[in-house]
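Contents: one structure, followed by commentary.
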Amino acid sequence: MRIFLLLLLLFGPISTLHGQTLRIAMEGQFPPFESLDAQGQLQGFNVDIAQALCQQMRAECQLQRFAWDDLIPALQEQRTDLILASMSITPERLEKVDFSAKYAQTPAFFFARKGQFEQAFITPSRVAGKRIGVQQGTTYDRYLSAKYAEKAQLIRFASAAQTYTARQQGHIDLLLDDSVAGYFGFLASRKEQDFERVGSRVVAPGFFGQGQGIALRKGQPELKQRLDDAILAIRKNGEYQRIEKRYFNFFHVY
11 MRIFLLLLLL
21 FGPISTLHGQ
31 TLRIAMEGQF
41 PPFESLDAQG
51 QLQGFNVDIA
61 QALCQQMRAE
71 CQLQRFAWDD
81 LIPALQEQRT
91 DLILASMSIT
101 PERLEKVDFS
111 AKYAQTPAFF
121 FARKGQFEQA
131 FITPSRVAGK
141 RIGVQQGTTY
151 DRYLSAKYAE
161 KAQLIRFASA
171 AQTYTARQQG
181 HIDLLLDDSV
191 AGYFGFLASR
201 KEQDFERVGS
211 RVVAPGFFGQ
221 GQGIALRKGQ
231 PELKQRLDDA
241 ILAIRKNGEY
251 QRIEKRYFNF
261 FHVY
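Numbering-wise (the working numbering), the sequence shown opens with residue 11 and increments by one.
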């Protein structure tokens, strides 16, 4: 597992949060929020947000990578201190961990090969018999399992990147994913020129939660408050908007 220091390199020595080094977990397979550069280090929107929050809190931080399904177990087992990985705040997850205030909120859409689906709306009956790809263990997986499993064939993958690769190779007919990741991470890349977003925005607040937050272990109200204060501060001082523009131009993710 690759772990590297964040702020010491970028900003020089800073004081810690009550002497604590905060370990921040990400998946690293969800561009443009998280991906690996040519040297194998994490990069993306979530990385820059983590840097900004740590600087605001004057905390020494480390980034860590875990598989998606291992993120919450790693937090509970004290192998990491925070999860900053575009994780939606849902009632089910709140039974296991606490969350900061939301730091992003993005809609969900279906994606498919161009011209394959002309319908204005994607419904279970209109995709009956089709193969729908989704990243396992996500809110999208939970939604599709509840609404589409009786009509369509659900194929689950360990990461969003694997889901898109399967679509490129023709193993699935369409997939459900975050609209920003789907557009900027895939449609805007050369790899995805033959694909498009289909249907309208998928609205399911009971499944997709209250936005994306930073997960932390239960019983840490002081740390949660520091995170909430830092999120508010980087929005007020413009740093959040600068990071947002760096990755998404015209698209807002809050």
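The C-beta atom is built at its ideal place from N, Cα and C for all residues, glycine as well.
| request: Less than 8 Å between the CB atoms is what I'm expecting for Arg-68 and Glu-37, so what's the real figure, rounded? | output: As a working mapping, residue 68 is identified with position 58 in the sequence shown. As a working mapping, residue 37 is identified with position 27 in the sequence shown. The Cβ separation is near 27 Å, so there is no contact.
| task | Classify Phe-205 as helix, strand or coil using the three-state DSSP reduction. | result | Your numbering for residue 205 matches position 195 in the sequence shown. It is a strand residue.
| Since Asp-188 is in the beta strand (DSSP E), which residue starts that stretch and which ends it? | Numbered from 1 along the sequence shown, position 178 holds the residue referred to as residue 188. Per DSSP, Asp-188 is one residue of the beta strand (DSSP E) stretching across 184-188.
| request: For Ala-171, I'd like the list of residues in its chain whose CB is within less than 6 Å of its CB, leaving aside the five on either flank, ordered along the chain. | output: For the purposes of this step, residue 171 is identified with residue 161 of the sequence shown, where counting begins at 1. The beta carbon of Ala-171 sits closer than 6 Å to the beta carbons of Gln-39 from its chain, once the five residues preceding and following it are set aside; these are given in chain order.
| Which one of Ser-96, Arg-177, Gln-126 has the shortest CA to CA distance from Phe-218? | Start at 1 with the first residue of the sequence shown, and residue 218 comes out as number 208. Comparing C-alpha distances from Phe-218 to each of Ser-96, Arg-177, Gln-126 shows the shortest one belongs to Ser-96.
| message | Could you tell me which whole beta strand (DSSP E) segments of length 3 or greater appear in the segment 141-168? | response | As far as the segment 141-168 is concerned, its whole beta strand (DSSP E) runs of at least 3 residues are 141-145, 163-167.
| query | Since Arg-123 sits in a beta bridge, which residues does DSSP pair it with? | reply | Within the sequence shown, the letter at position 113 stands for residue 123. The partner list for Arg-123 (beta bridge, DSSP) reads Phe-205.
| query | Relative to the C-alpha of Asp-183, which residue among Leu-164, Ile-253, Val-212 is closest? | reply | Position 173 of the sequence shown, counting from 1, holds the residue named residue 183. Here the closest residue by C-alpha is Leu-164.
| field | Residue span of the alpha helix (DSSP H) that contains Glu-254, given as start and end | value | As a first step, residue 254 must be located in the sequence shown, where it is residue number 244. It spans 249-258 - the alpha helix (DSSP H) in which Glu-254 sits, taken as one unbroken run.
| task | Please report how far the alpha carbon of Ile-93 lies from the alpha carbon of Gly-248, in whole angstroms. | result | Along the sequence shown, read from residue 1 onward, the residue named residue 93 stands at position 83. Along the sequence shown, read from residue 1 onward, the residue named residue 248 stands at position 238. Using only the alpha carbons, I get a separation of about 23 Å.
| task | Would you mind reading off the limits of the alpha helix (DSSP H) that contains Ala-240? | result | Along the sequence shown, read from residue 1 onward, the residue named residue 240 stands at position 230. Element bounds for Ala-240: 231-246.
| task | Using a threshold of 8 Å, state whether the C-beta atoms of Ala-118 and Leu-186 are closer than that. | result | Against the sequence shown, residue 118 aligns to sequence position 108. Against the sequence shown, residue 186 aligns to sequence position 176. Yes.
| One or two residues paired with Thr-92 in a DSSP bridge | In the sequence shown, counting from the first residue as 1, residue 92 sits at position 82. Residue identity check: residue 92 is Leu in the sequence provided, not Thr. Under DSSP, Leu-92 forms a beta bridge with Ile-34, Leu-226.
| Which of helix, strand or coil DSSP assigns to Asp-108 | Position 98 of the sequence shown, counting from 1, holds the residue named residue 108. In the structure shown, the three-state DSSP call for Asp-108 is strand.
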